[in-house]
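Written below as structure tokens is the structure these notes are about.
Protein chains: 4
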Amino acid sequence: WEGEFFPGIPQIKYEGPSSKNPLAFKYYNAEEEVLGKKMKDWFRFSVAFWHTFRGTGGDPFGAPTKSWPWEDGTNSLKIAKRRMRANFEFINKLGVDYWCFHDRDIAPDGKTLEEANANLDEVVALAKELQGNKKVLWGTAQLFMHPRYMHGGATSSELGVYAYAAAQVKKAMEVTHYLAGENYVFWGGREGYQSLLNTDMERELNHLARFLESAVAYKKKIGFNGTLLIEPKPQEPTKHQYDWDAATTANFLRKYGLIDEFKLNIECNHATLSGHSCHHELETARINGLLGNIDANTGDPQVGWDTDQFLIDIAEATNIMLTVIRNGGIAPGGFNFDAKLRRESTDVEDLFIGHIVGMDTMARGLRNAAKLIEDGSLDELVRKRYQSFDSEIGSLVEAGKADFEFLEKKVKEWGEPKVASAKQELAEMIFQYAL
Amino acid sequence: WEGEFFPGIPQIKYEGPSSKNPLAFKYYNAEEEVLGKKMKDWFRFSVAFWHTFRGTGGDPFGAPTKSWPWEDGTNSLKIAKRRMRANFEFINKLGVDYWCFHDRDIAPDGKTLEEANANLDEVVALAKELQGNKKVLWGTAQLFMHPRYMHGGATSSELGVYAYAAAQVKKAMEVTHYLAGENYVFWGGREGYQSLLNTDMERELNHLARFLESAVAYKKKIGFNGTLLIEPKPQEPTKHQYDWDAATTANFLRKYGLIDEFKLNIECNHATLSGHSCHHELETARINGLLGNIDANTGDPQVGWDTDQFLIDIAEATNIMLTVIRNGGIAPGGFNFDAKLRRESTDVEDLFIGHIVGMDTMARGLRNAAKLIEDGSLDELVRKRYQSFDSEIGSLVEAGKADFEFLEKKVKEWGEPKVASAKQELAEMIFQYAL
Amino acid sequence: WEGEFFPGIPQIKYEGPSSKNPLAFKYYNAEEEVLGKKMKDWFRFSVAFWHTFRGTGGDPFGAPTKSWPWEDGTNSLKIAKRRMRANFEFINKLGVDYWCFHDRDIAPDGKTLEEANANLDEVVALAKELQGNKKVLWGTAQLFMHPRYMHGGATSSELGVYAYAAAQVKKAMEVTHYLAGENYVFWGGREGYQSLLNTDMERELNHLARFLESAVAYKKKIGFNGTLLIEPKPQEPTKHQYDWDAATTANFLRKYGLIDEFKLNIECNHATLSGHSCHHELETARINGLLGNIDANTGDPQVGWDTDQFLIDIAEATNIMLTVIRNGGIAPGGFNFDAKLRRESTDVEDLFIGHIVGMDTMARGLRNAAKLIEDGSLDELVRKRYQSFDSEIGSLVEAGKADFEFLEKKVKEWGEPKVASAKQELAEMIFQYAL
Amino acid sequence: WEGEFFPGIPQIKYEGPSSKNPLAFKYYNAEEEVLGKKMKDWFRFSVAFWHTFRGTGGDPFGAPTKSWPWEDGTNSLKIAKRRMRANFEFINKLGVDYWCFHDRDIAPDGKTLEEANANLDEVVALAKELQGNKKVLWGTAQLFMHPRYMHGGATSSELGVYAYAAAQVKKAMEVTHYLAGENYVFWGGREGYQSLLNTDMERELNHLARFLESAVAYKKKIGFNGTLLIEPKPQEPTKHQYDWDAATTANFLRKYGLIDEFKLNIECNHATLSGHSCHHELETARINGLLGNIDANTGDPQVGWDTDQFLIDIAEATNIMLTVIRNGGIAPGGFNFDAKLRRESTDVEDLFIGHIVGMDTMARGLRNAAKLIEDGSLDELVRKRYQSFDSEIGSLVEAGKADFEFLEKKVKEWGEPKVASAKQELAEMIFQYAL
């Protein structure tokens, strides 16, 4: 099947906020400049192959619901290639420049590593041929679906599985490099525990560190210059995952001397599952020098598992973009749509609608953030709150030159300090009026 | 008032499991040896002055409910001294060796720092006189109650408040040292944010690091050899506290080069509020070399705020003690009862009952943990799970000498790895039969 | 003090979206008609006396932070009257028509019921004199702050407390009636339990039903025609409150034959604490015929206690207004601002800013909801989803005339049913583009 | 395959607490009398066919992990029959008397309803032949797995699906009746919504009521005398399920006049997902006269989805049994093990170990509850708390004969009421010492 996979779907264009066309952008205008940079360069949007082309609509209580026309019910090489063609038609029509994949999404597994690798090579060769000016934002190895990984990959209690995971990551890095991927991701869905009673957490974490050291070494060996990214998630499928959140992951990287070799891929739904706002996780990554990529999605605030919905909250998108602007952009990372249709959304056009509303939401976030930054009153409110530290004594404090005795003396001189209002409601007002 | 404060309460004694006397221990037998150490030395139990003597029963929707006979409704020096006498009668009758305090619990605040310090000196002198062979487990400064600290102490947006916090910690460290305290705690109830919109998180964290560096310097200057402890808590009163959990705090300490100067005080209720089991937080602290003290309490699994209840869950107590035993004990830290009566418990004897059941629960935990360790089958189950790493190639992996290419070769040799059952239900069975 | 309490604050006016004036409305335009009704009549906004005039900024870890100029630190009758004058200046300047109160907010408690009632009478007489064309949206009795209510009011284990609660509600209903209040609220902050171990839940619920029956009887006796409202909240201060959520409360009312005598006061922050979206609780109340009033506030999605923040989420406000419009409005209820300043917001103007952004948010919600309704495409999407039930057989089902045998026969005729896409992403797109 | 399915597993016997044999009961002694009833009659334990024989270990991120020897990878009639034989060997060896099933667990679905029914008949005939003195605790129809049910069964937006669900329930009731089932369960996994934006909740609830009315009518028509049970669950797979918790379900049943026709099947893991303790849900069901059956399992307190673990918490088991004893037992319901092995537990013996520890846990709960009841001091503590209502005036209140005016008069006579301590810590102490 080499024809059109989405015959009813036109190239998605920007038609502006007054358009009623579901298959058009109302806010995302790729070439428009905002704060001196084109929208498309702020976002570097990427389609996630797994959700868009391998999402079946199955859930723990339900069988698959999607029956995309290009599928025939098999996981054959033939269909894998067909999907890859559909992928490029999809990202072309949507007008994004990047895609992301797991090794096992794009090509069938094999009975042996050799067979799996051969399958992967065949599909990757096609992808290389098809991708033209499209690029891989990142690739990764799927170390969670196969039963061999039930106790983990790098943290499996079985040496043979650790080795298998190493071999699989080796290959996935190679193909990511071959496809000129700009980053490589580690998501440790099984790197964690179900119960501490039967787990040697310290030994598992040591293994994880060894594994990541080897990945760094191999990256250098093959000349892959992309960023290595770790994607924190607190739990699900395991009860506890070792990359719980940004700070936990940073602690691990620092403990094992890996802090300069990795950045983080922050996912909004993972953030909220870990008890943080998405904005908090992004800021934590940023101020630890670790903000590398964003998985743009959202969860349901009342639901305790990963729903991977398309983000539609304009306020959240604005917060995200405030951090990205403060970070000077997100490249060589980007915004990957780690988001899927609801199980009950079964029309082919729904795939487009989900991505369009997601891109438009981020575009609204960027426009709002730019408005806030250009207006300046929110930044000014924050700056003023800390202005006492801009004084001479404040500078001594910040330089580590004000010891407890000196400060005690100052307190005795100064008496009870004045404490100003935090003006949170005013900050919220300024923020909201920019939406 | 220098007479008896608890006239109806006898010295609490061990009467064994068959006793029906609420004012006796059924499991905690201070001098009994378990795994080669006396029970009292495993626990080093401490009474928290604030909950036991300053807890009023007030809550955000309700006025105080307790009317302890030694109170007269004022926060005078006279009553402060009376409470201190009551404190020592209490810990003597309960048979514990330690107590913990905040500066402002034990002595009235003053209009100036000088006045507050003078008040503190007067009460501390009495405590020194009264304490005999009892000891301070840890002291701390209360940097959260006074309105000046509404934006934080070390992370306040106001320089004057930072200085005041420094002066207050300086004094609190001095009196802790004077009372031969074995540890000093930092709990940052206000060191966090309510909203990121009006907060410069990076600047605040830098200030916090400077503050802690100064504390380390001052500790050394005055010759205080006690451990400095940070007590993680995710939130409440703020929306986000910087010492969110053990891993977050460890990341902060590593980032700012403070990792060797601090340990952690893990509180079970704080653990569960951060989305972790208490056991997880203890193990995380332990394997990061940071387990310093335990605030022995529990929360309500359905409630989203700190309830600081006396721990009565035998299984949880067993898990706690498994970690403590693995850690070789908890000294120079101990088990502080950061636990309070329910607002509706208003009899003086309830203060004893709460502590007795708390101590008995921990004692059951210790006895169960010892039983598990002596039996050995749980440890054996865990050891066996990882035995493939005890092989020659496993050792290469653990030594960092097995690179991806080597491992890939092994996979090709070995074929699909065998993966054994995790035996979680068996581990749970072994664990539960020890309770 | 009979002068101006807010001398720096002008009458708040509508200046439109381009205004940068924090003390002006940008979206709320009281007299403007939306869907055939003036904005002020859609909302019937009310100021909550307790938060605005008795909120101290105190929290479980902190002392009060507010020092409003009209306070002198006492809870005297003199200051109570001064606050009442400030209240009316506040609601006049803000331009709202209603206020709400608890008995003990507005007047000092007394040593006896008689004294408390006399204090209340004196303040209420002043309020009557001052209120002019302003009205009481609802009154209520504070049955949670005084220690006598620590085990509950209507559900206290003590008969004397049950009686006291009855006497207090009797009086509060009388003064609400005297002030021409349009509703009367029951919020059962202490009507619940801390532990099932010491609680006879069934007996307590029976008492609660008796209490509410008596309230209905007394209402009728005194000719008070206002709606009786119950305000669900899942927990806090107790571990479990009997009016957990809308459905739980409806079950209670049905069980005891009280369903026709009460409606519900839905609070958004209480909704989310109970695990539901605010929209869900409003819709549940609406379709049970119980939507009576809205406490317009919001919680923090990462926080497990009642934060009572001013709502600033435009999407949530739009959902709320969709339900209110579907309900044909909210009168005789209204929108009460059960919202408070953050503890750290200590300027008098912050009181205005919080309410202004809250009113503007609701106004944006109303405008957006009207846009959605006028556009019609969201309603049409929903209507279409269920259109198979608009058929002849669908009508039989809905009329209860299609039994299992008939339906089985139809299945055999029809074969496998067609199932259309739920179009959730399209619905979200339509919704978001209206914001 | 008509031989032995579990050749290495003996008949599980009671060996008492000192046994170290994982394949023996340490606490559950079927024939032993506790409080005048045999243990087996208190529990009426049931094996859930789906978890034990159809659980694959698959999860949203992982492929199946179990490879039970009797499976051949197909869902054929042949294997269905083999599994049924394995089921009876399992429950015989385990020594339980009941089993539970969904229609589609035990027999393959068909391309048409007729084919599915024929498959079901064939397997059910075999079950009838094999079951001997074993009984069906309850049967049910699986209305959630097939994609046709993606929008619900009884609450689907599609009439054809409603009809299909009716036909399927009709058949499932027939076969439950044929197998002498003692109850029939409705679990509405898809009866709820993912988003209110595209849902007509009121219409859906009306349909649900019609559906249940028809079920009642059909039950009567075929002479099935078993109890109809509804199993509340708050969410998962949907964002919101209509049978959220016990109180929500009771409200629905009352609203639609169905309250006398149904009871509830309370599942502990569902209870905690809805924000309640399991004990709360059981007590709520009990005092509403609705306690019909218990799905004995537990969740992970830190996890936001249904983990369906075997209950191992002795304290929780004790609370459950306190309610069951208060309820006079659970018959004609029982304790169904709606619990599954962890994904990583892959040995056949793990199936037995999980059930054994679950049964032993419940047996410990029963023994502890009996000890508490025989001791009487906990009951006495509760009785005393409410004793003021046992007075003459208390009786007037409870009889609805004490109006507000009468009570106000009493308050004036009595003055400030005395309020006793709630003695929660003492209650917890008494409770824990019984464990």
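Protein chains in written order, with my numbering: chain A, 18 to 452; chain B, 18 to 452; chain C, 18 to 452; chain D, 18 to 452. Beta carbons: idealized from backbone N, C-alpha and C, even for Gly.
About 4 Å separates the Cβ atoms of A264 of chain B and T265 of chain A, confirming a contact at the 8 Å cut-off. Between I331 of chain A and chain C, the shortest Cβ-Cβ separation is below 8 Å. For I331 of chain D, the CB contacts under 6 Å within the same chain, skipping 5 residues up- and downstream, are R381 and L452 in chain order. For Q252 of chain B, a Cβ of chain C is located within less than 8 Å of the residue's own Cβ.
At a beta-carbon threshold of 8 Å, the residues of chain A lying near R359 of chain C are A439, Q441 and E442, ordered along the chain.
Taking the C-beta atoms as reference points, F279 of chain C is found no nearer than 8 Å to L225 of chain C.
By the neighbour-count definition (other C-beta atoms within 10 Å, threshold 16), S412 of chain C is an exposed residue.
N38 of chain A counts as exposed, since fewer than 16 other beta carbons sit within 10 angstroms of its beta carbon. With a cutoff of 8 Å on beta-carbon distance, E199 of chain C and L154 of chain C are scored as near each other. Inclusion of Q449 of chain D and I329 of chain B in the CB contact set at 8 Å is warranted, their separation being smaller than that value. Under a criterion of Cβ atoms nearer than 9 Å, the residues of chain A adjacent to K256 of chain D are, in order, D317, Q319, V320 and T324. For M218 of chain B, not one C-beta of chain C is nearer than 8 Å to its own C-beta.
Beta-bridge partners of W155 of chain B (DSSP): B:C117 and B:N200. V64 of chain A: member of the beta strand (DSSP E) spanning F62 to A65, first to last residue. By the neighbour-count criterion, in which 16 or more other beta carbons inside 10 Å mark a residue as buried, P164 of chain C falls on the buried side. For T129 of chain A and G79 of chain D, the gap between their C-alpha atoms comes out near 19 Å. When the Cα atoms are used, E208 of chain C and Y259 of chain C turn out to be separated by approximately 6 Å.
Taking one beta carbon from each stretch, the stretch 109-117 of chain D and the stretch 76-91 of chain D have fewer than 3 pairs nearer than 8 Å; the two do not touch.
Not one beta carbon of chain A lies nearer than 8 Å to the beta carbon of Q404 of chain C. For P39 of chain A, the closest Cβ of chain D is not nearer than 8 Å. Residue state for Q252 of chain C is assigned as coil, using DSSP reduced to three classes. In this structure K43 of chain C is buried. Its beta-carbon is surrounded by 16 or more other beta-carbon atoms within 10 angstroms. Put simply, the CB of T82 of chain C is near chain B, with a gap under 8 Å to one of its CB atoms. The residue among C:F421, C:G25 and C:Y31 with its C-alpha nearest the C-alpha of L229 of chain D is C:F421. Following the DSSP letters along the chain, one finds I370 of chain C in no beta strand (DSSP E) but inside the alpha helix (DSSP H) bounded by residues V365 to D392.
Residue-level contact check: F203 of chain D does not touch chain C, since none of the beta carbons of chain C fall below 8 Å from its beta carbon. Using a Cβ distance threshold of 8 Å, T340 of chain B and H296 of chain B count as a contacting pair. Taking the beta carbon of H372 of chain C as reference, no residue of chain B falls within 7 Å; the closest one sits roughly 18 Å away.
With fewer than 16 other Cβ atoms inside 10 Å of its own Cβ, A416 of chain B counts as exposed.
Contacts with chain D at 8 Å (Cβ-Cβ) include T363 of chain B. Contact annotation: F70 of chain B and A103 of chain B have beta-carbon atoms nearer than 8 Å. Taking 8 Å as the upper bound on Cβ-Cβ separation, chain A lies near no residue of the stretch 44-67 of chain B. If you ignore the 5 residues before and after T301 of chain A, its C-beta comes within less than 7 Å of the C-beta of A263 and A264, all in its own chain and listed in chain order. Positions of the alpha helix (DSSP H) runs, each at least 4 residues long and wholly inside the stretch 271-345 of chain A, are given as 285-290, 295-304 and 331-343 in order along the chain. Put simply, the stretch 58-76 of chain B touches the stretch 344-359 of chain B. At least three CB pairs are less than 8 Å apart.
Counting the other CB atoms within 10 Å of its CB gives T91 of chain D a total below 16, which places it among the exposed residues.
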